[in-house]
Amino acid sequence: MTNKAKSHGRYHVQPSLIPKSLIEEKKLLNKVWTAKVLTLYPETFPGVLGHSITGRALKNKIWSLEIINIRNFGVGKHFNVDDTPSGGGPGMVLRADVINDTVAAATNNLDLSNKNWPIIYLTPRGKPLTQTISKELATAEGLVILCGRFEGVDERVIQKWNMQEISIGDFVLSGGEIAAQALIDCTVRHIPTVLGNEESIKSESFNNDLLEYPQYTRPTEWNDQKIPEVLLSGHHKKIREWQNQQAIKITKDRRPDLWKIYEKKL
Ligand code: SAH
-15 MTNKAKSHGR YHVQPSLIPK SLIEEKKLLN KVWTAKVLTL YPETFPGVLG HSITGRALKN
45 KIWSLEIINI RNFGVGKHFN VDDTPSGGGP GMVLRADVIN DTVAAATNNL DLSNKNWPII
105 YLTPRGKPLT QTISKELATA EGLVILCGRF EGVDERVIQK WNMQEISIGD FVLSGGEIAA
165 QALIDCTVRH IPTVLGNEES IKSESFNNDL LEYPQYTRPT EWNDQKIPEV LLSGHHKKIR
225 EWQNQQAIKI TKDRRPDLWK IYEKKL
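Under the working numbering, residue 250 is the last one in the sequence shown; the count climbs by one each step, no gaps.
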């Protein structure tokens, strides 16, 4: 197994990008949960992850982000990363040797033997991403995340690195970058202190296999509609009961599959 990039001249792991302050790393961040993202479009990161809750946590070094440009491992004068699919068919496929060198560079300082660093390939044919999976991934030391493009990635390199294939839904995106940001966002939310209020993750959708109850805020009367009285009563037990009933109703109506799981646990 060659764990080294072939050309040392191209052997850069480039932390991208703007704003630089968000992606400072190494020494200070050694111990924090880290996402190492392999992409052909490094400028798309941190993207939405640089804002609000995830952005604040990134700035506060509660987690870290490292972006590795697949193009740096391209072959030849033009740094080619793809070629036509074997057996014909439309589009292009990311080359096994190029992706292999990229993964090797991203993981060369990691101990991959103890499963603390799952290597994930985002693909529509992967296992559907769930809140349970993201919770589990948050307990790893970090993730190596491969963003595909074109028709996808040569199968041999997926097998070689024993990649976990994950899908963010039954639809096809143009590339893995949006999927990677979705995966990182929902995972980082499970890291203690990322959400200011630890209660919020407990009451959110999918906790207990139920969808969330309806939310309201001021003004108490809007568009001829009042906020349900019980929420203004200050009676915490009654409020919880109402919220639970609503969560059950919404889950039954919209997601019979989730409702079945919930019912079994009753
Ligand atoms: N030919 C592939 C689709 C390729 S789409 C197929 O039919 O399955 C190009 C890239 O976008 C993929 O390699 C993957 O990394 C990403 N992608 C597209 N849809 C996705 C989804 N639903 N979940 C996760 N990644 C996705």
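From the three backbone atoms N, C-alpha and C, an ideal C-beta is built for every residue, glycine too. All values reported here derive from a predicted model rather than from experimental measurement.
For residue i, which of helix, strand or coil comes out of DSSP?
i     : result
W17   : strand
H(-8) : Caution applies to H(-8), whose pLDDT of 47 falls short of 50 and renders its modelled position unreliable; the model cannot decide the point.
R202  : coil
N56   : helix
R109  : strand
T171  : helix
K210  : strand
L179  : coil
V87   : helix
L33   : helix
I46   : coil
F71   : The question names Phe, but residue 71 is Gly in the sequence shown. If DSSP states are grouped into helix, strand and coil, G71 belongs with coil.
D154  : coil
D95   : coil
L242  : helix
E188  : coil
V216  : Per the sequence presented here, residue 216 reads as Leu, with Val not at that position. L216: helix per DSSP, three-state reduction.
E247  : helix
Given a threshold of 16 other Cβ atoms within 10 Å of its Cβ, counted over all protein chains shown, does residue i qualify as buried or as exposed?
i     : result
N84   : buried
L127  : buried
H(-8) : For H(-8), the pLDDT reaches just 47, beneath the cut-off of 50, and the residue's location in the model is therefore unreliable, although a value from the coordinates is still provided. Exposed, by the Cβ-count rule.
K210  : exposed
Q227  : buried
L216  : exposed
W206  : exposed
E120  : exposed
S48   : buried
K43   : exposed
K10   : The predicted model places K10 with a pLDDT of 45, which falls under 50 and marks its position as unreliable, so this point remains unresolved.
S36   : exposed
Q165  : buried
Identify the residues that DSSP records as bridge partners of residue i: which are they?
i    : result
D193 : Answer by DSSP bridge pairing: none, since D193 is not bridged.
V82  : Bridge partners of V82: none, in fact.
G159 : R133
D66  : L78
I104 : I129, Q148
T23  : N53
Give me the Cβ distance between residue i and residue j, rounded to the nearest whole Å; I'm assuming they're in contact under 8 Å.
i    : j    : result
A89  : F57  : 7 Å
K236 : W243 : 5 Å
L130 : G110 : Not confirmed; about 11 Å, so no contact.
I150 : I104 : 5 Å
I168 : L33  : 6 Å
Going by DSSP, what residue range makes up the beta strand (DSSP E) through residue i?
i    : result
V128 : 126 to 131
S151 : 148 to 151
What first and last residue would you give for the alpha helix (DSSP H) that runs through residue i?
i    : result
I232 : 220 to 238
I142 : 139 to 144
S118 : 115 to 121
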